[in-house]
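Peer 1: Structure below; questions to follow.
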Amino acid sequence: MHYPFARTLAFIALFSAAVTAATEVRGELKPEEVAILAAKNSKASHDVAAYYAKARGIPPAQICEIEMPSGETLPRVKWEKEIRPAIRRWIAENGLQKKVRCFVTVWDVPLRIGPTDANGAEIKRRLYYLEVESRRREREMDKVIAELEKMAGSRMASEPEEISGQGDSESKENPSKVDGYKQRLEKALKYAQQAVQAQPDEASRQASAQQLQQMAAVSGGLAILVNGLGNTMQQDPTKRDQLRPEFELLRGRMMGFIESRAMLDGQPIDVDRDLTMLATIDRTNGLLGSIEWLEGELATTRKNETHAAFDSELSLVLWPDYNLLRWHPNYLNDHFEGSGLRELRPILMVSRIEAPTLKLTQAMIDTAIQVEKSGLKGTVYLDLRGMKIQEGVPIQPGSYEEYDQSLLQTEELLKAQTPLKVVVDREQTLFSAGSCPEAALYCGWYSLAKYVPAFQWQPGSVGYHLASSEATTLRAAESEVWCKRMLEEGVCATIGPVNEPYLMAFPRPH
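All letters in the sequence shown, in the order written, are residues 37 to 546 by our numbering.
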C-alpha cells in the first residue's frame with residue numbers, strides 16, 4: 037500500500053506553520069527553509085504574507101507573489117500553463133530548489149484546482165487507445181480459453197455453463213468482465229490439466245503439458261507459473277530440490293517486473309507509458325492481468341477525478357510532471373527513511389494561513405506563536421462512529437472500523453504520552469451542542485457539511501472532522517462545513533478535503 041499524499045487527496049491543512057531558530061530538534065523548520073506564496077494582485081494577500089514573514093523571521097525575499105484569478109477554484113489549464121511554471125521559475129531563479137522545505141499559502145490563493153477537460157483531445161485519445169487494447173486482449177483471451185476447453189474435451193461437458201467474460205459483464209451478478217474470465221480460465225485449466233495427465237502416451241503427455249504451460253503463461257503470466265510451482269513443491273516435497281531453481285528464477289523475474297510497474301504508476305500518462313505498462317503486466321499477470329488493468333484504467337479515465345487541493349499540487353511543484361489520475365506516495369513518510377526517492381522526487385510540506393476573515397487569519401498567526409510559548413491547555417475530545425470492533429478479528433484497511441480503531445489508538449497514545457484529559461464518545465451520536473468545554477484537540481465523525489457547536493475552543497486548539505466536504509469553502513457566508521466553522525469559532529489549526537477524497541485517503545488520527 038502507498039502512503040498517500042499529494043494531489044488527488046484534495047486536502048488542505050490550515051495553520052500557522054511553526055519555524056524556529058537553528059536547532060537540532062528533528063522536524064522543526066528554520067525560517068530560511070520556508071517560502072510564502074501570495075496572490076500578487078491582492079493587497080490583502082501581500083499584507084498577510086508580509087505579516088507572517090515578519091512574525092516568523094522569514095526572509096522577505098522568500099515571498100513568492102504570483103498573479104492569481106479570484107475565487108476558490110483555479111482552472112486546471114491556468115495552473116498548468118501559468119501558475120505552476122511561474123512558481124517553478126521563481127524557485128529556480130532564487131536558487132531555492134535544495135533550500136526550501138515548506139511552502140505556506142496565504143489569503144486569496146485558490147483552495148482547489150479543477151479537473152482536466154473530460155472532452156479534451158488528450159482524454160479522448162487515451163480512451164480510444166485503452167478501448168482498442170481491451171477488445172484485442174479479450175479476443176486473444178477467448179482464443180486461449182477455447183484452446184484450453186478443446187484440450188479438456190468431454191470433461192468440460194459435465195459442468196454447467198459459466199458466465200462468459202463478455203456480454204453480461206455489466207450485470208449485477210457479474211459487474212466485472214474479469215470475474216467472468218477468471219471463472220472460465222480456472223475451469224478450463226483444471227480440466228485441461230486432468231486431460232493431459234490422463235494421456236497414456238508419455239511423449240504426447242509431455243508435448244501437451246508444454247502446450248498447457250505456454251497457454252497458462254499467456255493467460256496468467258509469470259504469476260500463474262510461480263503459484264503453480266509453489267503449490268507443486270508444497271504438495272510433493274520430493275520435488276522441492278528439483279523445482280526450486282526454476283521457482284526462484286521465475287519469482288525473481290516477476291519481482292523485477294513488479295518494481296518496474298510501481299515506478300510506471302507514478303509517471304505522467306501517455307500512450308508510450310501505457311505501452312510499457314501493458315508489456316510489463318503481460319509478463320507478470322498475462323492477458324487476465326492486462327484486461328483487469330485496462331478495465332480499471334478505463335473506469336478511472338472516464339471518471340476524470342483530476343481535481344485537487346491547490347496545496348496538494350504545490351507540494352509536487354518540484355516534480356517535472358506526474359500522473360493526475362492516481363494518488364502518489366508521500367516520500368516524507370518515515371517508511372521512505374533512507375530511500376533515494378526523497379532526492380529523486382522531492383516533496384514540499386505545505387500549509388495554509390487562511391480563515392473566513394482577514395482578522396481571523398491574522399489571529400491564527402498571533403495565537404500560534406503565543407501558544408508555542410505558553411503550551412496548549414485543555415481537554416481532548418474524540419468522537420467515534422460507534423463501529424463494532426471485535427478483538428482478534430482483522431480490520432479491513434480503509435474501513436469505518438479502521439478509523440474508529442485509529443481514534444482508540446489516539447486515545448491510548450495521548451493518555452500514555454501527555455497529561456491532557458481525554459474524553460471519548462464511543463457511540464454513534466455526536467457530541468451535543470455545548471458539551472465540550474475547554475477543547476484543546478478534537479477529532480471525530482460524522483456530520484457531513486454540518487458543524488455541531490459542541491466546543492468551547494481553547495487558544496491554539498486543533499480540530500479535525502472526518503467528512504468529505506469540510507474544506508470545500510472558507511468564505512461562503514452560509515456554509516456550515518467544519519473547517520470554516522471551526523476557524524470562525526476559534527480553532528487555530530484544522531485539516532480537511534476540498535473535494536471527495538474517499539475514506540482511505542483521510543489521515544489516520546493516530
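The beta-carbon is built from N, C-alpha and C at its ideal position, and this holds for glycine as well. Since the model is a prediction, treat every value here as computed from it, not as a measurement.
Quick one: what does DSSP say residue 538 is sitting in, helix, strand or coil?
Peer 2: Residue state, collapsed to three classes: coil.
Peer 1: What ranges does the beta strand (DSSP E) occupy inside the stretch 486 to 511, keeping only unbroken runs of at least 3 residues that lie completely in it?
Peer 2: Segments of the beta strand (DSSP E) lying fully in the stretch 486 to 511: 491 to 501.
Peer 1: Relative to the C-alpha of residue 88, which candidate in 408, 440, 404, 539 has its C-alpha closest?
Peer 2: The residue with the shortest Cα to Cα distance from residue 88 is 404.
Peer 1: Within a Cβ cutoff of 6 Å, which residues of the same chain sit near residue 260, ignoring the five residues on either side of it in sequence?
Peer 2: Counting only Cβ-Cβ distances below 6 Å, and skipping sequence neighbours, we find 252.
Peer 1: Examine the Cβ distances between the stretch 400 to 415 and the stretch 441 to 449 and report whether three or more of them are shorter than 8 Å.
Peer 2: Flag = no, the stretch 400 to 415 and the stretch 441 to 449 do not touch.
Peer 1: Counting only runs that start and end within the stretch 52 to 128, where is the beta strand (DSSP E) found for 3 or more residues in a row?
Peer 2: Correct list: 70 to 75, 99 to 102.
Peer 1: Compute the Euclidean distance between the alpha carbons of residue 240 and residue 229, then round it to the nearest angstrom.
Peer 2: Approximately 13 Å between the Cα atoms of the pair.
Peer 1: Beta strand (DSSP E) containing residue 175: first to last residue?
Peer 2: Not the beta strand (DSSP E): residue 175 falls in the alpha helix (DSSP H), residues 157 to 188.
Peer 1: What's the gap between the Cα of residue 493 and the Cα of residue 429?
Peer 2: Taking the straight line joining both Cα atoms gives about 37 Å.
Peer 1: Whose CA, out of 100, 320, 315, lies closest to the CA of residue 72?
Peer 2: For the residues 100, 320, 315, the minimum Cα distance to residue 72 belongs to 100.
Peer 1: Would you mind sorting residue 237 into buried or exposed? The rule is 16 or more other CB atoms within 10 Å of its CB.
Peer 2: Exposed.
Peer 1: Using a Cβ-Cβ cutoff of less than 6 Å, which residues in the same chain neighbour residue 548 once the five nearest sequence positions on both sides are dropped?
Peer 2: No answer is possible for residue 548: the residues shown for the chain start at 37 and end at 546.
Peer 1: Would you call the CB atoms of residue 112 and residue 141 closer than 8 Å?
Peer 2: Not in contact: residue 112 and residue 141 (Cβ atoms no closer than 8 Å).
Peer 1: When you compare only the Cα positions, how much space is there between residue 378 and residue 364?
Peer 2: Straight-line Cα distance between these residues: approximately 13 Å.
Peer 1: Sorted by chain position, which residues of the same chain lie with C-beta nearer than 8 Å to residue 297's C-beta, five sequence neighbours on each side aside?
Peer 2: The residues are 313, 316, 317, 320.
Peer 1: Return the chain-ordered list of same chain residues with a C-beta closer than 8 Å to the C-beta of residue 114, the five sequence neighbours on each side being excluded.
Peer 2: Closer than 8 Å at Cβ, skipping near neighbours: 105.
Peer 1: If you drop the 5 nearest sequence neighbours on each side, which residues of the same chain put their C-beta closer than 7 Å to that of residue 309?
Peer 2: Counting only Cβ-Cβ distances below 7 Å, and skipping sequence neighbours, we find 300, 303.
Peer 1: Span of the beta strand (DSSP E) holding residue 473?
Peer 2: Element bounds for residue 473: 472 to 480.
Peer 1: From the DSSP output, read off the bridge partner residues of residue 344.
Peer 2: Residue 344 is bridged to 149.
Peer 1: Would you report the Cα separation of residue 270 and residue 343, rounded to the nearest angstrom?
Peer 2: Distance between the alpha carbons of residue 270 and residue 343: 48 Å.
Peer 1: Report, in whole angstroms, the separation of the C-beta atoms of residue 507 and residue 340, which I expect to be a contact under 8 Å.
Peer 2: Wrong, their Cβ atoms sit about 21 Å apart, outside the cutoff.
Peer 1: Whole angstroms are fine: how far does the CA of residue 519 sit from the CA of residue 531?
Peer 2: Each residue's Cα considered, the two are about 7 Å apart.
Peer 1: Would you report the Cα separation of residue 59 and residue 469, rounded to the nearest angstrom?
Peer 2: With a pLDDT of only 36 at residue 59, under 50, the local geometry of the prediction cannot be trusted, and no value is derived from it.
Peer 1: For residue 81 and residue 146, what's the separation of their Cα atoms in angstroms?
Peer 2: Each residue's Cα considered, the two are about 11 Å apart.
Peer 1: On a CA-only basis, which of 478, 277, 389, 182 is nearest residue 144? Give me that one, please.
Peer 2: It is 389 whose Cα lies nearest to the Cα of residue 144.
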